[in-house]
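First comes the structure, then the notes that go with it.
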Amino acid sequence: MISIITSLSADDLSAQLRRAGNGHPYSYTCKFEGITPLYEYKNGADVDIIAVPGLGSHALGFWKSPSSEDVWLRDFLPKDVPNIRVLLYGYDTTLPGSLSKQSIEDLGGALLEQIIAYRASDGTSHRPIIFTGHSLGGLLIKEALVRARRRRSNANSDLSKASYGLLFFGVPNLCLRND
1 MISIITSLSA
11 DDLSAQLRRA
21 GNGHPYSYTC
31 KFEGITPLYE
41 YKNGADVDII
51 AVPGLGSHAL
61 GFWKSPSSED
71 VWLRDFLPKD
81 VPNIRVLLYG
91 YDTTLPGSLS
101 KQSIEDLGGA
111 LLEQIIAYRA
121 SDGTSHRPII
131 FTGHSLGGLL
141 IKEALVRARR
151 RRSNANSDLS
161 KASYGLLFFG
171 VPNLCLRND
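Residue 2 in UniProt numbering sits at position 2 of the sequence shown; the count goes up by one each step and never skips.
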């Protein structure tokens with residue numbers, strides 16, 4: 001099980017995240033599975049930032065300092081780039097004792113489906129996207145974008161055309177050494 005250190009209870013953490021949502025009707029759980037909005041510019045965002053964590057990390061915990069409750073995607077990035085919506089993608093990144101047989105293709109396909117469904121539900125399918133990924137998260141982003149480009153559908157085409165940037169942190173583009 002992956003855990004993050006916080007002095008907040010699960011209820012207090014969820015309440016703090018709701019307050020940071022600027023009045024948008026977001027719902028939070030502590031597992032952060034699927035797409036979770038972390039921040040949205042109150043006058044409407046011009047671009048989506050979609051963050052995908054790496055293997056063995058918590059969807060929210062990776063993007064914060066161990067010595068602080070501040071999450072840079074929610075608490076600092078919007079101050080520098082205000083007209084954004086920050087979306088966090090969470091998936092099972094468990095390592096110890098994991099019996100998961102999911103491939104990068106499976107996980108990338110799930111990411112693609114989640115993004116398309118989320119953006120279609122609020123009518124933002126054409127909004128520009130900047131992806132940021134750490135480790136395995138970067139590989140999942142690349143897989144999702146390759147699938148979006150290869151599969152001919154309006155939803156995939158919209159996502160492919162809306163993708164404007166990639167920020168990768170520690171992504172094993174050539175190989176992963178596990179020694």
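Where is the CB? At the ideal position from N, CA and C, for every residue including glycine.
Write down the C-beta distance between residue i and residue j rounded to the nearest angstrom, noting that I regard them as a contact closer than 8 Å.
{"i": "F168", "j": "I50", "result": "In fact, because the Cβ distance is near 13 Å, the residues do not count as touching under 8 Å."}
{"i": "I141", "j": "A162", "result": "The pair is not a contact, with the Cβ atoms about 13 Å apart (cut-off 8 Å)."}
Can the beta-carbon of residue i be found closer than 9 Å to that of residue j?
{"i": "R147", "j": "L112", "result": "yes"}
{"i": "D48", "j": "R119", "result": "yes"}
{"i": "G138", "j": "G90", "result": "no"}
{"i": "L87", "j": "P53", "result": "no"}
{"i": "H134", "j": "D158", "result": "no"}
Could you say which of the options lies nearest to residue i if we only look at CA atoms?
{"i": "I84", "options": "R149, A45, S67", "result": "A45"}
{"i": "E143", "options": "S135, K161, G108", "result": "G108"}
{"i": "I104", "options": "D11, N173, D12, E33", "result": "N173"}
{"i": "Q102", "options": "Y39, L136, D80, N43", "result": "L136"}
Hey, would you say the C-beta of residue i is under 8 Å away from at least one heavy atom of the ligand PLP?
{"i": "G165", "result": "Only the bare structure without any ligand can be found here, which leaves the ligand PLP out of the picture."}
Tell me, please, which residues DSSP counts as bridged to residue i.
{"i": "A51", "result": "L88, T132"}
{"i": "residue 182", "result": "Because the chain in this structure spans residues 1 to 179, residue 182 falls outside the shown range and cannot be described."}
{"i": "I35", "result": "Y89"}
{"i": "L112", "result": "The partner list for L112 (beta bridge, DSSP) is empty, contrary to what the question assumes."}
{"i": "F168", "result": "G133"}
For residue i, collect the residues of the same chain with a Cβ closer than 6 Å to its Cβ; drop the 5 residues on either side in sequence, then sort them by chain order.
{"i": "S160", "result": "A148, R149"}
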